[in-house]
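Everything below concerns the one structure shown next.
Here it is in C-alpha coordinates:
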(Lines of atoms letter the chains of each structure in order from A and count residues from 1; the text may use other names and numbers.)
(Lines give C-alpha, C1' and ligand atoms only; values in the text may rest on other atoms or scores of the structure.)
Protein backbone atom coordinates (compact mmCIF):
# COMPACT_ATOMS: atom_id res chain seq x y z
CA UNK A 1 0.00 0.00 0.00
CA UNK A 2 1.38 3.39 -1.02
CA UNK A 3 -0.16 6.57 0.44
CA UNK A 4 -0.73 9.53 -1.86
CA UNK A 5 -2.28 12.99 -1.72
CA UNK A 6 -4.90 14.20 -4.21
CA UNK A 7 -6.74 17.46 -4.79
CA UNK A 8 -10.48 17.57 -5.42
CA UNK A 9 -11.04 19.83 -8.43
CA UNK A 10 -14.14 21.52 -7.02
CA UNK A 11 -14.22 25.15 -5.81
CA UNK A 12 -14.04 25.28 -2.02
CA UNK A 13 -17.20 27.45 -1.76
CA UNK A 14 -19.12 24.59 -3.44
CA UNK A 15 -17.84 22.17 -0.80
CA UNK A 16 -18.80 24.63 1.93
CA UNK A 17 -22.25 25.07 0.39
CA UNK A 18 -22.82 21.31 0.36
CA UNK A 19 -21.41 20.88 3.89
CA UNK A 20 -24.05 23.23 5.27
CA UNK A 21 -26.86 21.02 3.95
CA UNK A 22 -26.01 17.79 5.86
CA UNK A 23 -25.16 19.90 8.90
CA UNK A 24 -28.67 21.35 8.83
CA UNK A 25 -30.11 17.89 8.22
CA UNK A 26 -28.29 16.50 11.24
CA UNK A 27 -29.67 19.26 13.43
CA UNK A 28 -33.16 18.64 12.04
CA UNK A 29 -33.17 14.93 12.88
CA UNK A 30 -31.46 15.48 16.23
CA UNK A 31 -28.13 13.79 15.59
CA UNK A 32 -25.96 14.18 18.72
CA UNK A 33 -22.88 16.33 18.15
CA UNK A 34 -19.79 14.24 17.46
CA UNK A 35 -21.71 10.97 17.10
CA UNK A 36 -20.69 10.52 13.46
CA UNK A 37 -17.13 9.78 12.43
CA UNK A 38 -16.98 12.16 9.43
CA UNK A 39 -18.21 15.70 10.03
CA UNK A 40 -20.39 17.55 7.49
CA UNK A 41 -17.35 18.85 5.58
CA UNK A 42 -15.82 15.39 5.12
CA UNK A 43 -19.22 14.02 4.15
CA UNK A 44 -19.48 16.78 1.53
CA UNK A 45 -16.07 15.80 0.15
CA UNK A 46 -17.19 12.15 -0.02
CA UNK A 47 -20.34 13.10 -1.96
CA UNK A 48 -18.50 15.46 -4.32
CA UNK A 49 -15.82 12.88 -5.11
CA UNK A 50 -18.58 10.48 -6.15
CA UNK A 51 -20.31 13.10 -8.31
CA UNK A 52 -17.15 14.52 -9.85
CA UNK A 53 -15.07 11.38 -10.49
CA UNK A 54 -17.47 8.42 -10.08
CA UNK A 55 -15.20 7.12 -7.32
CA UNK A 56 -16.34 3.74 -6.02
CA UNK A 57 -18.14 3.93 -2.68
CA UNK A 58 -15.81 1.30 -1.22
CA UNK A 59 -12.83 3.62 -1.81
CA UNK A 60 -14.72 6.64 -0.49
CA UNK A 61 -15.67 4.79 2.68
CA UNK A 62 -12.12 3.51 3.17
CA UNK A 63 -10.67 7.01 2.84
CA UNK A 64 -13.25 8.37 5.32
CA UNK A 65 -12.57 5.58 7.83
CA UNK A 66 -16.11 4.18 7.75
CA UNK A 67 -17.76 0.99 6.55
CA UNK A 68 -19.03 0.60 3.01
CA UNK A 69 -22.64 0.45 4.23
CA UNK A 70 -22.16 3.74 6.11
CA UNK A 71 -20.53 5.21 3.01
CA UNK A 72 -23.62 4.42 0.96
CA UNK A 73 -25.85 5.91 3.67
CA UNK A 74 -23.83 9.14 3.71
CA UNK A 75 -23.86 9.29 -0.09
CA UNK A 76 -27.65 8.88 -0.34
CA UNK A 77 -28.14 11.42 2.43
CA UNK A 78 -26.04 13.93 0.48
CA UNK A 79 -27.99 13.24 -2.71
CA UNK A 80 -31.30 13.75 -0.89
CA UNK A 81 -30.41 17.05 0.78
CA UNK A 82 -29.17 18.40 -2.55
CA UNK A 83 -32.20 17.21 -4.53
CA UNK A 84 -34.50 18.94 -2.04
CA UNK A 85 -32.95 22.26 -3.15
CA UNK A 86 -33.78 21.66 -6.84
CA UNK A 87 -36.27 24.21 -8.20
CA UNK A 88 -39.87 23.28 -8.98
CA UNK A 89 -40.74 23.29 -12.69
CA UNK A 90 -43.58 25.79 -12.29
CA UNK A 91 -41.27 28.13 -10.38
CA UNK A 92 -38.58 27.85 -13.05
CA UNK A 93 -41.01 28.66 -15.84
CA UNK A 94 -42.40 31.63 -13.93
CA UNK A 95 -38.89 33.00 -13.44
CA UNK A 96 -38.06 32.44 -17.10
CA UNK A 97 -41.19 34.34 -18.14
CA UNK A 98 -40.48 37.14 -15.65
CA UNK A 99 -36.95 37.40 -17.01
CA UNK A 100 -38.37 37.88 -20.51
CA UNK A 101 -36.92 34.76 -22.15
CA UNK A 102 -38.23 34.10 -25.65
CA UNK A 103 -38.59 30.32 -25.16
CA UNK A 104 -37.33 27.29 -23.27
CA UNK A 105 -35.85 24.08 -24.67
CA UNK A 106 -37.21 20.63 -23.88
CA UNK A 107 -34.83 17.72 -24.36
CA UNK A 108 -34.52 14.15 -23.18
CA UNK A 109 -31.36 12.30 -22.26
CA UNK A 110 -30.47 8.75 -21.29
CA UNK A 111 -28.41 8.08 -18.16
CA UNK A 112 -26.74 4.65 -18.47
CA UNK A 113 -27.18 2.26 -15.56
CA UNK A 114 -26.48 -1.36 -14.69
CA UNK A 115 -28.88 -4.05 -15.81
CA UNK A 116 -32.04 -4.13 -13.71
CA UNK A 117 -34.70 -6.81 -13.31
CA UNK A 118 -38.12 -5.79 -14.55
CA UNK A 119 -40.11 -6.28 -17.71
CA UNK A 120 -42.69 -4.38 -19.72
CA UNK A 121 -46.16 -5.69 -20.55
CA UNK A 122 -44.67 -7.21 -23.71
CA UNK A 123 -42.00 -9.05 -21.73
CA UNK A 124 -39.09 -6.78 -22.74
CA UNK A 125 -36.54 -5.39 -20.28
CA UNK A 126 -38.13 -2.34 -18.63
CA UNK A 127 -34.91 -0.35 -18.28
CA UNK A 128 -33.46 -1.25 -21.70
CA UNK A 129 -33.51 1.63 -24.17
CA UNK A 130 -33.91 0.62 -27.79
CA UNK A 131 -32.82 4.13 -28.76
CA UNK A 132 -29.55 3.98 -26.83
CA UNK A 133 -29.14 0.19 -27.04
CA UNK A 134 -28.20 -0.07 -23.38
CA UNK A 135 -29.83 -0.04 -19.95
CA UNK A 136 -30.63 3.51 -18.89
CA UNK A 137 -33.01 5.92 -17.23
CA UNK A 138 -34.88 8.58 -19.23
CA UNK A 139 -34.66 12.17 -17.97
CA UNK A 140 -36.36 15.27 -19.35
CA UNK A 141 -34.49 18.59 -19.24
CA UNK A 142 -35.92 22.10 -19.40
CA UNK A 143 -33.21 24.63 -20.26
CA UNK A 144 -32.91 28.32 -21.07
CA UNK A 145 -32.28 29.36 -24.70
CA UNK A 146 -28.51 29.63 -24.13
CA UNK A 147 -28.33 26.16 -22.58
CA UNK A 148 -27.79 27.41 -19.06
CA UNK A 149 -29.11 25.43 -16.13
CA UNK A 150 -27.90 27.96 -13.62
CA UNK A 151 -28.87 31.33 -12.15
CA UNK A 152 -27.75 33.74 -9.47
CA UNK A 153 -28.39 31.37 -6.58
CA UNK A 154 -28.89 27.59 -6.37
CA UNK A 155 -31.63 28.02 -3.77
CA UNK A 156 -33.69 30.88 -5.11
CA UNK A 157 -33.07 31.43 -8.82
CA UNK A 158 -32.41 28.76 -11.44
CA UNK A 159 -33.36 28.60 -15.10
CA UNK A 160 -33.28 24.82 -15.58
CA UNK A 161 -35.14 21.79 -14.36
CA UNK A 162 -34.52 18.04 -14.44
CA UNK A 163 -37.47 15.66 -14.22
CA UNK A 164 -37.80 12.49 -12.20
CA UNK A 165 -36.57 9.36 -13.95
CA UNK A 166 -38.53 7.02 -16.16
CA UNK A 167 -37.25 3.61 -17.35
CA UNK A 168 -35.20 3.64 -20.54
CA UNK A 169 -37.94 1.86 -22.47
CA UNK A 170 -40.24 4.89 -22.03
CA UNK A 171 -40.38 7.17 -25.08
CA UNK A 172 -39.37 10.82 -24.66
CA UNK A 173 -42.87 12.06 -25.51
CA UNK A 174 -44.50 9.80 -22.95
CA UNK A 175 -41.99 10.84 -20.27
CA UNK A 176 -42.59 14.51 -21.13
CA UNK A 177 -46.35 14.05 -20.83
CA UNK A 178 -45.84 12.71 -17.32
CA UNK A 179 -43.31 15.23 -16.02
CA UNK A 180 -43.17 18.36 -18.17
CA UNK A 181 -45.93 19.05 -20.69
CA UNK A 182 -48.73 20.12 -18.30
CA UNK A 183 -46.56 22.93 -16.95
CA UNK A 184 -45.23 23.79 -20.43
CA UNK A 185 -48.76 24.18 -21.79
CA UNK A 186 -49.53 26.72 -19.07
CA UNK A 187 -46.28 28.56 -19.81
CA UNK A 188 -47.08 28.63 -23.54
CA UNK A 189 -50.47 30.21 -22.83
CA UNK A 190 -48.61 32.90 -20.87
CA UNK A 191 -46.27 33.62 -23.81
CA UNK A 192 -43.34 31.24 -23.17
CA UNK A 193 -43.25 28.59 -25.94
CA UNK A 194 -41.14 25.43 -25.96
CA UNK A 195 -38.74 24.19 -28.65
CA UNK A 196 -38.15 20.45 -28.94
CA UNK A 197 -36.76 17.88 -31.37
CA UNK A 198 -38.64 15.55 -33.68
CA UNK A 199 -39.13 13.00 -30.88
CA UNK A 200 -41.79 15.29 -29.39
CA UNK A 201 -43.89 15.56 -32.54
CA UNK A 202 -47.54 15.66 -31.52
CA UNK A 203 -46.79 17.07 -28.06
CA UNK A 204 -49.45 19.73 -28.47
CA UNK A 205 -49.96 23.47 -28.82
CA UNK A 206 -47.04 25.58 -27.63
CA UNK A 207 -44.39 22.89 -28.26
CA UNK A 208 -42.65 23.59 -31.58
CA UNK A 209 -40.98 20.65 -33.35
CA UNK A 210 -39.43 20.16 -36.80
CA UNK A 211 -41.60 19.12 -39.72
CA UNK A 212 -41.18 15.60 -41.02
CA UNK A 213 -42.89 13.76 -43.88
CA UNK A 214 -46.27 12.18 -43.10
CA UNK A 215 -49.58 11.83 -44.96
CA UNK A 216 -50.26 15.59 -44.66
CA UNK A 217 -46.69 16.67 -45.52
CA UNK A 218 -45.21 15.08 -48.64
CA UNK A 219 -41.58 14.06 -49.09
CA UNK A 220 -39.24 15.69 -49.95
CA UNK A 221 -40.10 18.65 -47.74
CA UNK A 222 -40.89 21.96 -49.36
CA UNK A 223 -38.34 24.77 -49.15
CA UNK A 224 -40.25 26.69 -46.46
CA UNK A 225 -40.50 23.57 -44.28
CA UNK A 226 -36.79 22.84 -44.68
CA UNK A 227 -35.99 26.43 -43.73
CA UNK A 228 -38.23 26.14 -40.68
CA UNK A 229 -36.38 22.99 -39.60
CA UNK A 230 -32.95 24.59 -40.03
CA UNK A 231 -33.92 27.65 -38.02
CA UNK A 232 -35.47 25.53 -35.29
CA UNK A 233 -32.39 23.29 -35.05
CA UNK A 234 -30.07 26.30 -34.92
CA UNK A 235 -32.03 27.97 -32.12
CA UNK A 236 -32.54 24.74 -30.18
CA UNK A 237 -28.94 23.52 -30.40
CA UNK A 238 -27.56 25.86 -27.75
CA UNK A 239 -30.28 24.88 -25.28
CA UNK A 240 -29.65 21.18 -25.76
CA UNK A 241 -26.09 21.45 -24.49
CA UNK A 242 -27.44 21.65 -20.92
CA UNK A 243 -27.49 17.88 -20.46
CA UNK A 244 -23.96 17.58 -21.85
CA UNK A 245 -22.66 20.15 -19.37
CA UNK A 246 -24.10 18.26 -16.41
CA UNK A 247 -22.78 14.89 -17.62
CA UNK A 248 -19.27 16.18 -18.30
CA UNK A 249 -18.87 18.12 -15.07
CA UNK A 250 -20.59 15.56 -12.80
CA UNK A 251 -19.35 12.26 -14.22
CA UNK A 252 -21.55 10.16 -11.95
CA UNK A 253 -24.27 10.85 -14.55
CA UNK A 254 -22.25 9.09 -17.23
CA UNK A 255 -23.08 5.73 -15.64
CA UNK A 256 -25.11 5.36 -12.44
CA UNK A 257 -24.29 2.19 -10.52
CA UNK A 258 -26.71 2.71 -7.63
CA UNK A 259 -30.43 1.92 -8.01
CA UNK A 260 -31.71 3.43 -11.28
CA UNK A 261 -34.77 4.69 -9.42
CA UNK A 262 -32.37 7.22 -7.86
CA UNK A 263 -31.25 8.66 -11.21
CA UNK A 264 -33.75 11.52 -11.01
CA UNK A 265 -32.55 12.55 -7.54
CA UNK A 266 -28.91 12.26 -8.67
CA UNK A 267 -29.54 14.51 -11.69
CA UNK A 268 -31.45 17.07 -9.60
CA UNK A 269 -28.62 17.07 -7.06
CA UNK A 270 -26.11 17.59 -9.88
CA UNK A 271 -28.20 20.53 -11.10
CA UNK A 272 -28.02 22.16 -7.66
CA UNK A 273 -24.25 21.57 -7.53
CA UNK A 274 -23.93 23.07 -11.02
CA UNK A 275 -25.84 26.15 -9.90
CA UNK A 276 -23.54 26.51 -6.90
CA UNK A 277 -20.46 26.06 -9.13
CA UNK A 278 -21.50 28.94 -11.39
CA UNK A 279 -22.43 31.18 -8.47
CA UNK A 280 -19.29 30.61 -6.40
CA UNK A 281 -16.62 30.70 -9.09
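In the numbering used here, the protein residues as written are 335 to 615. The beta carbon of each residue, even a glycine, is placed where N, CA and C say it ideally should be. From a predicted model like this one, the values you see are computed outputs, not experimental measurements.
| residue 414 to residue 606, Cα distance in whole Å? | Roughly 11 Å separates the two Cα atoms.
| said: Which of the three DSSP states is assigned to residue 500 in this structure? | reply: Of the three classes helix, strand and coil, the one that applies to residue 500 here is strand, per DSSP.
| Closest by C-alpha distance to residue 600, when choosing among 384, 613, 361, 542 | Comparing Cα positions, the closest option is 384.
| task | Within the same chain, show all residues whose beta-carbon is closer than 6 Å to that of residue 533, passing over the 5 residues directly before and after it, in chain order. | result | Only 506 meet the Cβ criterion.
| In three-state DSSP terms, what is residue 447? | In the structure shown, residue 447 sits in a strand (DSSP, three-state: E or B).
| request: Can you have a look at residue 565 and say buried or exposed, based on whether 16 or more other CB atoms are within 10 angstroms of its CB? | output: Residue 565 comes out exposed.
| task | Name the residue from 374, 361, 512, 388 whose alpha carbon lies nearest to the alpha carbon of residue 583. | result | Residue 388 is the option with its Cα nearest to residue 583.
| said: So, does the stretch 529-545 touch the stretch 507-515, judging by three or more C-beta pairs under 8 Å? | reply: The answer is yes - the stretch 507-515 touches the stretch 529-545, with three or more Cβ pairs under 8 Å.
| field | Pairwise C-alpha distance: residue 427 and residue 520 | value | C-alpha separation (whole angstroms): 9 Å.
| request: Could you spell out where the alpha helix (DSSP H) holding residue 424 opens and where it closes? | output: Taken as a continuous stretch (DSSP letters only), the alpha helix (DSSP H) holding residue 424 covers 423-433.
| query | So, are the CB atoms of residue 629 and residue 568 less than 8 Å apart? | reply | Past the boundaries of the shown model lies residue 629; the chain is included only from 335 to 615, so the question cannot be answered.
| message | Using CA atoms only, rank isn't needed, just tell me which of 495, 503, 589 is closest to residue 425. | response | Of the residues 495, 503, 589, the one whose Cα lies closest to the Cα of residue 425 is 495.
| Runs of beta strand (DSSP E) wholly within the stretch 524-572 (minimum 3 residues, chain order) | Correct list: empty.
| In terms of residue numbering, what span does the beta strand (DSSP E) encompassing residue 394 cover? | Residue 394 -> not in any beta strand (DSSP E); alpha helix (DSSP H) instead, spanning 391-398.
| request: Check whether the stretch 521-529 touches the stretch 449-462, counting contact only when three or more Cβ pairs, one atom from each stretch, lie closer than 8 Å. | output: Touching, no.
| query | Considering only residues of the same chain and omitting the five flanking positions on each side of residue 350, which have a CB-CB separation below 7 Å? | reply | By the criterion of a C-beta distance shorter than 7 Å, residue 350 is surrounded by no residue of its chain, once the five residues flanking it on both sides are discounted.
| said: Are the CB atoms of residue 503 and residue 454 within a distance shorter than 8 Å? | reply: Closer than 8 Å, so yes.
| query | Relative to the C-alpha of residue 353, which residue among 550, 381, 553 is closest? | reply | Looking from the CA of residue 353, the closest CA among 550, 381, 553 belongs to 381.
| field | Simplified DSSP assignment, three categories, for residue 511 | value | Looking at residue 511 - three-state DSSP - the assignment turns out to be helix.
| task | Please state if the CB of residue 469 and the CB of residue 439 are separated by a distance shorter than 8 Å. | result | Result no, Cβ atoms of residue 439 and residue 469 do not sit closer than 8 Å.
| request: Count the other CB atoms, across all protein chains shown, that sit within 10 Å of the CB of residue 546; report buried if there are 16 or more and exposed otherwise. | output: It is exposed - the Cβ of residue 546 has fewer than 16 other Cβ atoms within 10 Å.
| field | DSSP three-state assignment for residue 608, whether helix, strand or coil | value | Of the three classes helix, strand and coil, the one that applies to residue 608 here is helix, per DSSP.
| field | Between the CA atoms of residue 589 and residue 578 - distance to the nearest angstrom | value | Here the C-alpha atom of residue 578 lies approximately 13 Å from the C-alpha atom of residue 589.
| message | If you reduce the DSSP assignment to three classes, tell me which class residue 600 lands in. | response | Assigned with DSSP and collapsed to three states, residue 600 falls in helix.
| residue 408 beta carbon less than 8 Å from that of residue 372 | A distance below 8 Å separates the beta carbons of residue 372 and residue 408.
| task | Taking only the alpha-carbon atoms, compute the straight-line gap between residue 552 and residue 471 and give it to the nearest angstrom. | result | When rounded, the distance between both Cα atoms is 35 Å.
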